[in-house]
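Some notes on the structure that comes next.
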Amino acid sequence: MNPSDLQENRQIRTELGFLLLDKPVGMTSSDLVLKAKKNLGLRKVGHTGTLDKAASGLMVLPIGTSTSFSQFFLGKDKEYVAQVQLGFATDSGDREGLVLEDWEIPRIQKWFEESKSRLEEVLAQVPSWEEQVAPEVSALKVGGQRRAKLFREGVSVPPSIRKIKIFEFEAYDLCPEGFTIKARVSGGTYIRKLVIDIGEACGIPMSLRALNRTKVGKLVLDQADTYEALLLGKVTIHPPEEILDIPSVEIPSTEVKDVFHGKKIRLDWIPAQEFLLTSPEGEILAYCRRDGLPGSLSYKYLKVFSKI
Numbered sequence: 001m002n003p004s005d006l007q008e009n010r011q012i013r014t015e016l017g018f019l020l021l022d023k024p025v026g027m028t029s030s031d032l033v034l035k036a037k038k039n040l041g042l043r044k045v046g047h048t049g050t051l052d053k054a055a056s057g058l059m060v061l062p063i064g065t066s067t068s069f070s071q072f073f074l075g076k077d078k079e080y081v082a083q084v085q086l087g088f089a090t091d092s093g094d095r096e097g098l099v100l101e102d103w104e105i106p107r108i109q110k111w112f113e114e115s116k117s118r119l120e121e122v123l124a125q126v127p128s129w130e131e132q133v134a135p136e137v138s139a140l141k142v143g144g145q146r147r148a149k150l151f152r153e154g155v156s157v158p159p160s161i162r163k164i165k166i167f168e169f170e171a172y173d174l175c176p177e178g179f180t181i182k183a184r185v186s187g188g189t190y191i192r193k194l195v196i197d198i199g200e201a202c203g204i205p206m207s208l209r210a211l212n213r214t215k216v217g218k219l220v221l222d223q224a225d226t227y228e229a230l231l232l233g234k235v236t237i238h239p240p241e242e243i244l245d246i247p248s249v250e251i252p253s254t255e256v257k258d259v260f261h262g263k264k265i266r267l268d269w270i271p272a273q274e275f276l277l278t279s280p281e282g283e284i285l286a287y288c289r290r291d292g293l294p295g296s297l298s299y300k301y302l303k304v305f306s307k308i
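Counting along the sequence shown from 1, when you hit position 194 you're at 194 in UniProt numbering, and nothing is skipped either side.
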């Protein structure tokens, strides 16, 4: 679907596909979703993982029936570029939080002169970190309430410990003002918490000055439309087959109607735990999951994408 479709005839299109948007700093992920719905006249827009208000970068927004694929992206690797500030800490680890510590410049310079080697040692260890205690100020929920809300109300909640993987990690431009991080991490890893933990290991407060998400799985920020383009309605709706990297099975055209009617068809093979059924023309017909039963019908439909 091209941009002119969005502006000239909003009502006749099928809502199926993905938006790739560059979220600006200062806007919540929910605000971006609402803005996409309003400006593009879409009935249903989801997201595939939030970005903090203080962060910018790539967001993948499924529209219409493509929201069925939202969970597919949560576990995807994410790549970030972060600007870290030394001698400054907030309760959230970024510019949105309440200030906890703010060192004077001479104190920061003295620490850097005496402890730069310690900082380099800790940074070299970061790729081996395999667990992370989620930050108290986060969107994670405890008993239906956000951890951030409970934390700021003084309610004590047990720590949320999660397994993480740091596939690539580079820190450069070290100076008393801070340094830059480029990292590719597993889904669910908090970069601002990595920075907090680095600071604690080094004995100096640290926080994010800026955070930019540059990649989600195979999708890169360069593919994203700007927020300004969204305001003008001049954005691209990417078809699912362009965005998804789920294995697919092509079925004969004679069986396409059976799929649309929810009838399972016999498959010669099932390529993965989750897979797509496609037509000979490459159209996605259904999103499926293996159900563990033996035989050519050992799967179930998670979503059938009927024609509108």
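Glycine included, C-beta positions come from ideal geometry on N, C-alpha and C.
Through-space distance from residue j to residue i, alpha-carbon basis
i: residue 21; j: residue 114; result: 43 Å
i: residue 289; j: residue 133; result: 32 Å
i: residue 74; j: residue 174; result: 32 Å
i: residue 101; j: residue 89; result: 5 Å
i: residue 29; j: residue 226; result: 14 Å
i: residue 124; j: residue 293; result: 47 Å
i: residue 104; j: residue 201; result: 20 Å
i: residue 15; j: residue 62; result: 9 Å
i: residue 300; j: residue 256; result: 16 Å
i: residue 27; j: residue 215; result: 19 Å
i: residue 231; j: residue 69; result: 25 Å
i: residue 273; j: residue 229; result: 37 Å
i: residue 353; j: residue 164; result: What the structure shows of the chain is the stretch from 1 to 308, and residue 353 is not part of that stretch, so it cannot be assessed.
i: residue 262; j: residue 72; result: 22 Å
i: residue 35; j: residue 224; result: 16 Å
i: residue 183; j: residue 31; result: 26 Å
i: residue 106; j: residue 233; result: 49 Å
i: residue 258; j: residue 169; result: 49 Å
i: residue 304; j: residue 277; result: 9 Å
i: residue 252; j: residue 268; result: 12 Å
i: residue 118; j: residue 190; result: 23 Å
i: residue 144; j: residue 157; result: 13 Å
Cβ-Cβ distance between residue i and residue j below 8 Å
i: residue 213; j: residue 80; result: yes
i: residue 243; j: residue 18; result: yes
i: residue 280; j: residue 247; result: no
i: residue 166; j: residue 185; result: yes
i: residue 54; j: residue 33; result: no
i: residue 77; j: residue 188; result: no
i: residue 44; j: residue 64; result: yes
i: residue 82; j: residue 211; result: yes
Residue i, buried or exposed, once every other Cβ within 10 Å from all chains shown has been counted against 16
i: residue 287; result: buried
i: residue 52; result: buried
i: residue 92; result: buried
i: residue 161; result: exposed
i: residue 254; result: exposed
i: residue 136; result: buried
i: residue 235; result: buried
i: residue 66; result: buried
i: residue 197; result: buried
i: residue 98; result: exposed
i: residue 23; result: buried
i: residue 87; result: buried
i: residue 249; result: buried
i: residue 240; result: buried
i: residue 308; result: Confidence at residue 308 is low in this model, with a pLDDT of 46, below 50, so its placement is unreliable and the value that follows should be read with caution. Residue 308 should be labelled exposed.
i: residue 9; result: At residue 9 the pLDDT is 35, less than 50, meaning the model places this residue with poor confidence; the figure from the coordinates comes in the next sentence. Counting Cβ neighbours within 10 Å, residue 9 comes out exposed, since fewer than 16 surround it.
For residue j and residue i, believed in contact at Cβ under 8 Å, the rounded distance
i: residue 264; j: residue 297; result: 5 Å
i: residue 176; j: residue 108; result: 5 Å
i: residue 260; j: residue 306; result: 5 Å
i: residue 219; j: residue 58; result: 7 Å
i: residue 204; j: residue 111; result: 6 Å
Cβ shell of residue i (< 6 Å), same chain only, five flanking positions each side left out
i: residue 85; result: 178, 207 and 209
i: residue 172; result: 180
i: residue 192; result: 93, 94 and 208
i: residue 47; result: 29, 33 and 61
i: residue 96; result: 53 and 54
Sequence-distant residues of the same chain with beta carbon closer than 8 Å to residue i, five excluded per side
i: residue 116; result: 174
i: residue 122; result: 198, 201 and 202
i: residue 131; result: 161, 162, 163 and 164
i: residue 245; result: 217 and 218
i: residue 42; result: 15, 36, 63 and 64
is_contact[residue i, chain D] using C-beta, thresh 8 Å
i: residue 144; result: No chain D appears in the structure shown, which is made up of a single protein chain.
Contacts around residue i, its chain only, beta-carbon distance under 7 Å, and the 5 residues preceding and following it disregarded
i: residue 282; result: 241
i: residue 291; result: 298, 299 and 300
i: residue 127; result: 166 and 169
Any non-hydrogen atom of the ligand NAP closer than 7 Å to residue i Cβ
i: residue 69; result: With respect to the ligand NAP, the structure offers nothing, as it holds no ligand at all.
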